[in-house]
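In order, the protein sequences belong to chains A and B. In this text, residue positions in the first sequence follow our numbering: the first is 80, and each later residue adds one. In this text, residue positions in the second sequence follow our numbering: the first is 1026, and each later residue adds one.
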Amino acid sequence: MKRRDFLQLTVSLAFASLGGRAAADGGAAGIPGDNGELLSGVVYQLFPHERLDKDVYEQVTEQLSGKIGQSAELTAMMDDALDVLAGNGNERWPELTQQQKTASLEKIQQTPFFRFVLNETLGGIYQHPRTWELLGFEGSSLEFGGYINRGLDDIDWLPE
Amino acid sequence: MTQFSLNDGSVVVVIGSGAGGGTVADVLSNNGVGVVCLEAGGRLDPADIVTNEAEMFGKLTWLDERQGSGIAPPPFPVWNCKTVGGTTVHWTATSVRLSEHEFHARSYYGDMAGTTLADWPLKLADLEPWYSVAEDRLGVTGTHGIERLPASNNFLVFEAGAKRCGYKEINTGNLAINPAPRDGRGSCLQLGFCTSGCAVGAKWSTLHTDIPSAEQSGHFELRTEAMAVKLNHDNNGRVTGVDYLDSDGKLHTQATRAVCVAGNTVETTRLLLNSRSGQFPDGLANRSGQVGRNYMRHVMAGVVGVMPGQVNLYRGAHQAGIIYDERHHDEARGFSGGFLFETVNFTPESMARFLRPGGWGKEYAKLLEQYERMAAMLIVGEDPPMAGNSISLHPTRKDRYGLPVPVIHYEHHNNSKKMLRYGLDRGRRIYEALGAEQVVEMVDVFPATHNMGTARMGNDPATSVCNQWGQTHDLDNLFISDGSLFPTSGCANPTLTIIALALRQAEYLTELIQSNSL
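Shown next, in the form of structure tokens:
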């Protein structure tokens, strides 16, 4: 599959491609060494929720690593992208300031690899029940008889 | 179950089992006409429909490659379904009639430069009886004595803000969702997963109603995972058979007396264009050159307000909230045609995808943390037809069926841009009237869900593809039965009108067949 085809497919599978659920299946081979650390840092920086359990980010990173590890195409793209990030200064990623991290990511945000990671990370984080808890989304209510008698119209702040 | 042989040329072949196809198939078969329905997707059992957006997206969506250009999102320009029931499994069930002026856009709006604006070949009065039958079949709230759905928090915010802005006609809408059990379907539990298929079957879909009803007629055969690839014709201007691929990729040809194509605009167009022949070098039924042109998808945008208190917009039916006040035509607003405001739900994932597409970083994460205080609405407005807005075939790329990939090109007309600006400003005011801390506009971010216009009806064969019955001008026994027929889009969600047209067409076709004139 050509790179462009692959990206089109992954983007069009936006909603379906990844799930918090699937994260529990465990990833294939992770990304070793510095690249693994970098990737994990990138995942957090994309959607940094301070109050979200770090396990969620780890699960998303693990699943992402698995997907990248299974594709020579993606691995090559990752190496290119992470080279740009790593070559940004003499300090290692964890030691960069918040501002420096953002500035580094902005340099690669137009790359197909970044878009792939963004898409996958978004799905992984916002499909995750722990994120739902943080944001106040209660998800399925079918098992409780729906929202019809569970807060459908419980709003209490509207002016008269 | 009824089965027809491939060489049984007495059957009507209906392509697609959604709003148009499911309706036509149900009426024809219950009128005693044999129908073979070819559906590209598989059939879900009730237990397959679960309240999980990501899982259902994978089960329902048409995921074969399509390309978008202009403002149509490049990798995913259209969001429709490939499953028995078609996009009626995914729809939000808003069922509003078109207004009188919307049948006569050319006469009301005048000569709008850069458009191919046309009047419909029929008027509201012609369609009213069929709208009424459709509303009864679907169980549309606010019609036929059916009560409206209860108010959700998202609606109450929408209504309170709208009233402060002086709007008057505001209610929970005309929806094909049962507030109470009716017609073998249960009542809405306000699950909040309308676009993922209704797990309790309260929302009307041909999957739950028309297809089972057709099956009980004894004159209907549904073939699933049957992808129509070509329509064959003879030298007398008649379609003679439909080539389709089964789930194993094996090609079959079903003989036919007449064909109704209802593939939800993109697939309808692609099938016609792929069926070109020596007699029809530009595509079947395309002597006018209009097949694939005049593509419309509505002026569509979102407004999200971060409100002072909790809203929890995910609770309840997505579109149970409509403001009707801006649907009229009034040039004083600076544009022609009108629009509706409709409430809408987003899960955290869809909010993250659409609030600021491509967004990331600390500020975006902080904004998303306001999720439970967000209220949301859509603007759904009339977009004029333009010749250059089109569905065409990619010159080289093929999908997994070996068919040319459809390319969807869409640009805004200036009229749409003005409507959009006006609508977004009014939408913003609705939330600001209640003290919204922040209002975010979602512009040109959604894949199209309302697809119209690429085989339009008209009286003149030189400028239209079908007559007022959806019968193509070029081939007497070829009918189009979906939104492709619309000469103009109006501002109402298209499904109810598709169904009203399909009901009318099915009775017309039955008459032709029973009187042996076809």
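C-beta atoms are modelled at their ideal positions from N, C-alpha and C, and glycine is treated no differently. Quick caveat, the model's predicted, so the values are computed rather than measured.
- Counting other Cβ atoms within 10 Å of its Cβ, T1048(B) reaches 16 or more and is therefore classed as buried.
- When secondary structure is reduced to three states using DSSP, L1270(B) falls in the strand class.
- In the DSSP assignment, P191(A) falls within the alpha helix (DSSP H) that extends over P191 to Y205.
- Contact between the region 1437-1455 of chain B and the region 1392-1411 of chain B is established, with three or more Cβ pairs separated by less than 8 Å.
- Counting only the Cα atoms, E170(A) lies some 52 Å from W1116(B).
- Comparing alpha carbon positions, the residue from E1536(B), G1139(B), P1486(B) and Y1192(B) closest to V1316(B) is P1486(B).
- If you draw a straight line from the Cα of F195(A) to the Cα of A1138(B), it is about 41 Å long.
- Judged by pairs of C-beta atoms under 8 Å, the region 1354-1372 of chain B touches the region 1332-1346 of chain B, as three or more such pairs exist.
- Fewer than three Cβ pairs drawn from the region 1482-1499 of chain B and the region 1077-1097 of chain B lie within less than 8 Å of each other, which leaves the two stretches out of contact.
- Your pair T1372(B) and F223(A) does not check out as a contact, with CB atoms roughly 17 Å apart and the cut at 8 Å.
- Note that the C-beta distance between I1524(B) and A1044(B) is below 8 Å.
- Within the region 1195-1222 of chain B, the residues whose Cβ lies closer than 9 Å to any Cβ of chain A are, in chain order, S1212, C1213, L1214, Q1215, L1216, G1217 and F1218.
- Less than 8 Å divides the Cβ of V1267(B) from the Cβ of V1038(B).
- The shortest C-alpha to C-alpha distance from D1144(B) to any of F1128(B), L1163(B) and W1494(B) is the one to F1128(B).
- DSSP places P1431(B) in the uninterrupted beta strand (DSSP E) bounded by P1429 to Y1435.
- Contact check between the region 1051-1066 of chain B and the region 1240-1253 of chain B: three or more CB pairs, one atom from each, fall below 8 Å, which counts as touching.
- Note on geometry: alpha-carbon atoms of G1383(B) and L1428(B) lie some 31 Å from one another.
- In this structure, L214(A) lies near E1394(B), with their beta-carbon atoms less than 8 Å apart.
- Per DSSP, reduced to three states, the secondary structure at F223(A) is helical.
- The closest CA to that of M1325(B), considering only V1060(B), N1518(B), T1076(B) and L1142(B), is found on N1518(B).
- Out of Q1304(B), R1282(B), N1311(B) and G1303(B), the CA that lies nearest to the CA of L1296(B) is found in N1311(B).
- If you look at E1367(B), you'll find it in the beta strand (DSSP E) that goes F1364 to T1368.
- Remark: C-beta atoms of S183(A) and L164(A) approach each other more closely than 8 Å.
- Between T1522(B) and G115(A), the alpha-carbon positions lie close to 54 Å from each other.
- At least one CB of chain B lies nearer than 8 Å to the CB of D232(A).
- For A1461(B), there are no C-beta contacts with chain A under 9 Å, since the nearest C-beta of that chain is about 12 Å from it.
- Neighbours of Y205(A) across chain B, judged by C-beta separation under 9 Å: T1372, P1373, E1374, S1375, M1376, A1377, R1378 and L1393.
- Under the DSSP assignment, F1245(B) falls in the beta strand (DSSP E) whose first and last residues are F1245 to R1248.
- By the neighbour-count definition (other C-beta atoms within 10 Å, threshold 16), A1150(B) is an exposed residue.
- Among the residues of chain B, none has a CB under 8 Å from the CB of L143(A); the nearest is roughly 14 Å distant.
- Interface residue (Cβ-Cβ distance to chain A less than 8 Å): R1340(B) is classified as such.
- When C-beta atoms of the region 202-209 of chain A are compared with those of the region 147-164 of chain A, fewer than three pairs fall below 8 Å, so the two segments do not count as touching.
- With 16 or more other Cβ atoms from the protein chains shown falling within 10 Å of its own Cβ, A1187(B) counts as buried.
- For the pair S1094(B) and H1434(B), the CB atoms are nearer than the 8 Å cut-off.
- When C-beta distances to chain A are compared with 7 Å, every residue of the region 1500-1522 of chain B stays at or above that value.
- In the DSSP assignment, F1511(B) falls outside any alpha helix (DSSP H), carrying neither H nor E.
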